[in-house]
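Here the structure comes first, spelled out in structure tokens, and everything after it is commentary.
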Amino acid sequence: MKTVNRNIVLLALVVVGLVVTGAGVASAQDVYKVNYFDTNVVSPVIPDATVRIDNPGLTYGNLCAMIYVFAADQQLAECCGCVETHNGLRRL
């Protein structure tokens, strides 16, 4: 009888562990992205000098985009923030 109870408890713990692991995997996707903007022209194609900020709508709300500009010596030169609405696209 003890082994039956122990097997039931062990099975219950395994099921709880699988449920907790599955809940972590099924969490919402993150829309946080980091990228860089380089104006050095090293190819024959000239960049269009456009920064695109996209809110794909996965959070069902507004996002705040923070943009930082650094000088060649890695000092902060400029920064700004703008609100991007749900399913919005902004070009700077």
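Everything in the sequence shown is counted per the numbering used here, starting at 280 for the first residue and increasing by one.
Note that beta-carbon positions come from the ideal geometry of N, C-alpha and C, so glycine has one too.
Item, Value
"Boundaries (first-last residue) of the beta strand (DSSP E) holding D333", "R331 to D333"
"Residue of I346, I332, V293 and D333 minimising C-alpha distance to L355", "I346"
"V348, enclosing beta strand (DSSP E) - first and last residue", "L342 to F349"
"For L368, the residue or residues it bridges with in DSSP", "D333"
"Close beta carbons around L342, own chain, < 8 Å, minus the five adjacent residues each side", "V310, N334, V362 and E363"
"Where V362 sits in the DSSP three-state scheme", "strand"
"Alpha-carbon spacing of T282 relative to L290, whole angstroms", "12 Å"
"Inter-residue spacing [alpha-carbon to alpha-carbon] between E357 and A350", "9 Å"
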